[in-house]
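Engineer: Sequential numbering of the sequence shown, starting at 1024, is according to this note's numbering.
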Amino acid sequence: MTRKENAEAFLRGNKAEFIGLYESFWPETIQNWQAQGHLTKSDPETGAQVSISPTEYFGLDIVGTSGFIDHLPYRRVREILEETDEWYTYRNGAGAVFKLWKNHSGTPEHIDFRMTERKIWDEEYRQHLLSVDDERLGIEGVREAIQYCKDKDAFTTTHQLCLWETLRESAGDVAMFENLLLDPDWIHDFNRVYTDFYIAHLDRLFELTEQPQGAFLYDDLGYKNGLFCSLKVLRELYLPYYQEIVNYFHKRNMPVIFHSCGNIEAALPFFAEMGIDALNPMEVKAGCDVVRFAEKHHGDFAFVGGLDVRVLEDGDHAAIKKETLRILNGMKAVGARYFFGTDHSVTPNVKFEDYVYAVETYRENMNYRTAFSNQRYADTSGCLN
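1) Residue ranges of each alpha helix (DSSP H) run of no fewer than 4 residues wholly in the region 1118-1180, ordered along the chain?
2) Which residue's Cα is closest to the Cα of residue 1147: 1391, 1137 and 1179?
3) Just checking my contact of residue 1045 with residue 1083 at CB under 8 Å: how many whole Å lie between their CB atoms?
4) Given a cut-off of 9 Å, decide if residue 1186 and residue 1265 are closer than it, judged by their beta-carbon atoms.
5) Tell me the residue span of the alpha helix (DSSP H) that contains residue 1379.
6) If you scan the region 1211-1297 from start to end, which runs of the alpha helix (DSSP H) of 4 or more residues do you find wholly inside it?
7) Quick one: what's got a C-beta closer than 8 Å to residue 1408's C-beta in the same chain, skipping five residues either side?
8) Along the beta strand (DSSP E) that carries residue 1039, what are the first and last residues, could you check?
9) Could you say if the region 1366-1383 and the region 1048-1067 meet the contact criterion of at least three C-beta pairs nearer than 8 Å?
10) For residue 1224, which residues from the same chain have a beta carbon less than 7 Å from its beta carbon, with the 5 sequence-adjacent residues on both sides left out?
11) Is the region 1279-1292 touching the region 1242-1259 in the sense that three or more CB pairs, one from each, lie closer than 8 Å?
12) Could you tell me the alpha carbon to alpha carbon distance between residue 1357 and residue 1278, rounded to whole angstroms?
13) Suppose contacts are defined by Cβ-Cβ distances below 9 Å. Is residue 1377 in contact with residue 1338 by that definition?
14) With a floor of 4 residues, list each alpha helix (DSSP H) that falls wholly inside the region 1026-1065, ordered by position along the chain.
15) How long is the line joining the alpha carbons of residue 1034 and residue 1218, rounded to whole angstroms?
16) I think residue 1090 touches residue 1180, with their Cβ atoms under 8 Å apart; what is that distance to the nearest whole Å?
17) For residue 1254, tell me which candidate among 1231, 1291 and 1232 has the shortest Cα-Cα distance.
18) Could you check if residue 1032 is buried or exposed, using at least 16 other CB atoms within 10 Å of its CB as the buried criterion?
19) Which of the three DSSP states, helix, strand or coil, is assigned to residue 1101?
20) Nearest to residue 1317 by CA position, among 1308, 1351 and 1346, is which residue?
21) Roughly how many whole angstroms lie between the Cα atoms of residue 1280 and residue 1300?
22) Between residue 1108 and residue 1125, is the Cβ-Cβ spacing less than 9 Å?
23) Do you know how far the Cα of residue 1360 is from the Cα of residue 1087?
24) Assign residue 1316 to one of three DSSP states: helix, strand, or coil.
25) How many angstroms separate the CA atom of residue 1115 from the CA atom of residue 1101?
26) Among residues of its own chain, excluding the 5 on either side of residue 1271, which ones have a beta-carbon nearer than 7 Å to its beta-carbon?
27) Count the other CB atoms within 10 Å of the CB of residue 1099; is the residue buried (16 or more) or exposed (fewer)?
28) Kindly indicate the opening and closing residues of the beta strand (DSSP E) around residue 1372.
29) The beta strand (DSSP E) that contains residue 1303, what's its start and end?
30) Please report how far the alpha carbon of residue 1168 lies from the alpha carbon of residue 1178, in whole angstroms.
31) Would DSSP call residue 1401 helix, strand or coil?
32) On the criterion of 16 or more Cβ atoms from any shown chain inside 10 Å, does residue 1039 qualify as buried, or is it exposed?
33) Within the continuous alpha helix (DSSP H) that includes residue 1325, where are the two ends?
34) In chain order, what residues of the same chain have a beta carbon less than 6 Å from the beta carbon of residue 986, not counting five sequence neighbours either side?
35) Going by DSSP in three states, residue 1193 sits in which element: helix, strand or coil?
36) Between which two residues does the alpha helix (DSSP H) harbouring residue 1112 extend?
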């Protein structure tokens, strides 16, 4: 069984031969490692060492073929408002102002927001999202990514932002959280418009390029102490739209991986109701434990991630091995479908040799064979040897 076949089998709930491997890396991490002479291969024509991506170097099992659709009401808007040598502020296509740092990655600082109530949404922004616009799709970049992936032994996915983060990016935390309770009709309308927007643009994207094998969706529903809102609110205002989006992909025979940061343990039943096929990333520093989650929910979806990146940052190989084996053996013990990886992403504080050691430990202990069944997909031919 190839790595691509193994990953697809897991994501479709079928039997597979070994635990998968998936990871994301901070841009600075990749830059540091390449500057140190890592992440290279020999050019077959010249013999020179050339830089390659971590996906190719480590043989990761999931690879993206497209970035986010340009989803804000006014497309391609990034109005620079203030700038220094270290940072800049800009206004986006929803009228929101953020601060970003030039020399390192990180969450942008929230400065100001325009779309803070239904009236502004209705009068200034809503109408710009009601028709398909090919300029939002980044077609040439998607085609290049698809071409890059053609000879890779990896499961291909479209990576897209989803409803929660779209509203948060547009209205900001305060207005968003207040209006979940004060104006739920606006939230319903926002989610209705954006559900239609994403589905229509994905249809067009797949029409103009090629449909990947699956989808990777991003919505951070939690912070370190729990969920941003109650399950009752999530079920009332978000569940119908999430289910519609997941069902859209399932009708296209595409499994769905859902990324949600923070302490999302209380939402595990909610994710099962959504119908997702895999959950990522299970942040340990927010109280998550992928093995504990799998003990109760291994029959609901696969798991992607869950290794405490702080263990890698410390660089203690004994501790890296201990935690890696705890997770791998724990997931095997409950028959969980699992892709090994960190609980968010590999930071610049992780040394190349320490990450390599974790991957080597994984490869030495990745094999197992268990049986699963899943009736949501009519076509599972070709998934298994």
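The beta carbon of each residue, even a glycine, is placed where N, CA and C say it ideally should be.
Structural biologist: According to the structure shown:
1) Qualifying alpha helix (DSSP H) stretches, in chain order: 1162-1172.
2) If you number the sequence shown from 1, residue 1147 lands on position 124. Of 1391, 1137 and 1179, the residue nearest in Cα terms is 1137.
3) Residue mapping note: residue 1045 aligns to position 22 of the sequence shown, counting from 1. Residue mapping note: residue 1083 aligns to position 60 of the sequence shown, counting from 1. Contact check for residue 1045 and residue 1083: beta-carbon distance about 6 Å, within the 8 Å limit, so the pair qualifies.
4) The residue given as residue 1265 occupies position 242 in the sequence shown. The residue given as residue 1186 occupies position 163 in the sequence shown. The Cβ atoms of residue 1265 and residue 1186 lie closer than 9 Å to each other.
5) Here residue 1379 is taken as the residue at index 356 of the sequence shown, counted from 1. Where residue 1379 is concerned, the enclosing alpha helix (DSSP H) stretches over 1375-1387.
6) At a cut-off of 4 residues, the continuous stretches assigned as alpha helix (DSSP H) that sit fully inside the region 1211-1297 are 1254-1260, 1262-1274 and 1291-1297.
7) Along the sequence shown, one-based indexing puts residue 1408 at 385. Any reading at residue 1408 is ruled out, since the residue's pLDDT is 26, under 50, leaving its predicted position unreliable.
8) Working through the sequence shown from its first residue, we reach residue 1039 at position 16. Residue 1039 -> beta strand (DSSP E) spans 1039-1041.
9) Between the region 1366-1383 and the region 1048-1067, the count of C-beta pairs closer than 8 Å reaches three or more; the two stretches touch.
10) Translated into positions along the sequence shown, residue 1224 becomes position 201. The answer, listed in chain order, is 1092, 1155, 1159 and 1160.
11) The region 1242-1259 makes contact with the region 1279-1292; the number of CB pairs closer than 8 Å reaches 3 or more.
12) Looking up residue 1357 in the sequence shown gives position 334. Looking up residue 1278 in the sequence shown gives position 255. Taking the CA atoms as reference points, residue 1357 sits about 22 Å from residue 1278.
13) Indexing the sequence shown from 1 puts residue 1377 at position 354. Indexing the sequence shown from 1 puts residue 1338 at position 315. Yes, they are a contact pair.
14) Taking 4 residues as the shortest admissible run, the region 1026-1065 contains the following complete alpha helix (DSSP H) segments, listed from N- to C-terminal end: 1026-1034 and 1050-1058.
15) Reading the sequence shown from its first residue, position 11 is the one you call residue 1034. Reading the sequence shown from its first residue, position 195 is the one you call residue 1218. Roughly 23 Å between the two C-alpha positions.
16) Position 67 of the sequence shown, counted from the first residue, corresponds to residue 1090. Position 157 of the sequence shown, counted from the first residue, corresponds to residue 1180. Rounded, the Cβ-Cβ distance is 11 Å, inconsistent with contact.
17) Locating residue 1254 in the sequence shown gives position 231, counting from the first residue. Cα-wise, what sits closest to residue 1254 is 1291.
18) Working through the sequence shown from its first residue, we reach residue 1032 at position 9. Label assigned to residue 1032: buried.
19) Sequence index remark: in the sequence shown, residue 1101 carries index 78 (1-based). Reduced to three states, the DSSP call for residue 1101 is coil.
20) On the sequence shown, position 294 is the one that residue 1317 refers to. Comparing Cα positions, the closest option is 1351.
21) Within the sequence shown, the letter at position 257 stands for residue 1280. Within the sequence shown, the letter at position 277 stands for residue 1300. Rounded to the nearest angstrom, the gap between the Cα atoms of residue 1280 and residue 1300 is 6 Å.
22) Against the sequence shown, residue 1108 aligns to sequence position 85. Against the sequence shown, residue 1125 aligns to sequence position 102. Their beta carbons are under 9 Å apart, which means residue 1108 touches residue 1125 by this criterion.
23) As a working mapping, residue 1087 is identified with position 64 in the sequence shown. As a working mapping, residue 1360 is identified with position 337 in the sequence shown. For residue 1087 and residue 1360, the gap between their C-alpha atoms comes out near 20 Å.
24) Counting from 1 along the sequence shown, the entry for residue 1316 is found at position 293. Helix.
25) Sequence index remark: in the sequence shown, residue 1115 carries index 92 (1-based). Sequence index remark: in the sequence shown, residue 1101 carries index 78 (1-based). Going from the Cα of residue 1115 to the Cα of residue 1101 covers about 5 Å.
26) By one-based count along the sequence shown, residue 1271 stands at place 248. Cβ within range, chain order: 1222.
27) Taking the first residue of the sequence shown as position 1, residue 1099 is located at position 76. Exposed is the call here.
28) What you label residue 1372 is simply residue 349 of the sequence shown in a count that begins at 1. Where residue 1372 is concerned, there is no enclosing beta strand (DSSP E), because DSSP gives it neither an H nor an E.
29) The residue you call residue 1303 lines up with position 280 of the sequence shown. 1301-1303 is the span of the beta strand (DSSP E), which, as asked, contains residue 1303.
30) Taking the first residue of the sequence shown as position 1, residue 1168 is located at position 145. Taking the first residue of the sequence shown as position 1, residue 1178 is located at position 155. Cα to Cα, the separation comes out at about 13 Å.
31) Here residue 1401 corresponds to residue number 378 of the sequence shown, with the count starting at 1. Low confidence applies here, because residue 1401 scores a pLDDT of 31, under 50, leaving its location unreliable; read the following figure in that light. Three-state result, residue 1401: coil.
32) For the purposes of this step, residue 1039 is identified with residue 16 of the sequence shown, where counting begins at 1. Counting C-beta atoms within 10 angstroms of its own C-beta, residue 1039 has 16 or more neighbours from the protein chains shown and is therefore classed as buried.
33) Against the sequence shown, residue 1325 aligns to sequence position 302. Boundaries for residue 1325: no alpha helix (DSSP H) harbours it, while the beta strand (DSSP E) harbouring it runs 1325-1327, taken from the DSSP string.
34) With the chain running from 1024 to 1408 in the structure shown, residue 986 is simply not present.
35) The residue you call residue 1193 lines up with position 170 of the sequence shown. Looking at residue 1193 - three-state DSSP - the assignment turns out to be helix.
36) Here residue 1112 refers to the residue found at position 89 of the sequence shown. Annotation for residue 1112: no alpha helix (DSSP H) segment contains it, though the beta strand (DSSP E) segment containing it runs 1110-1114.
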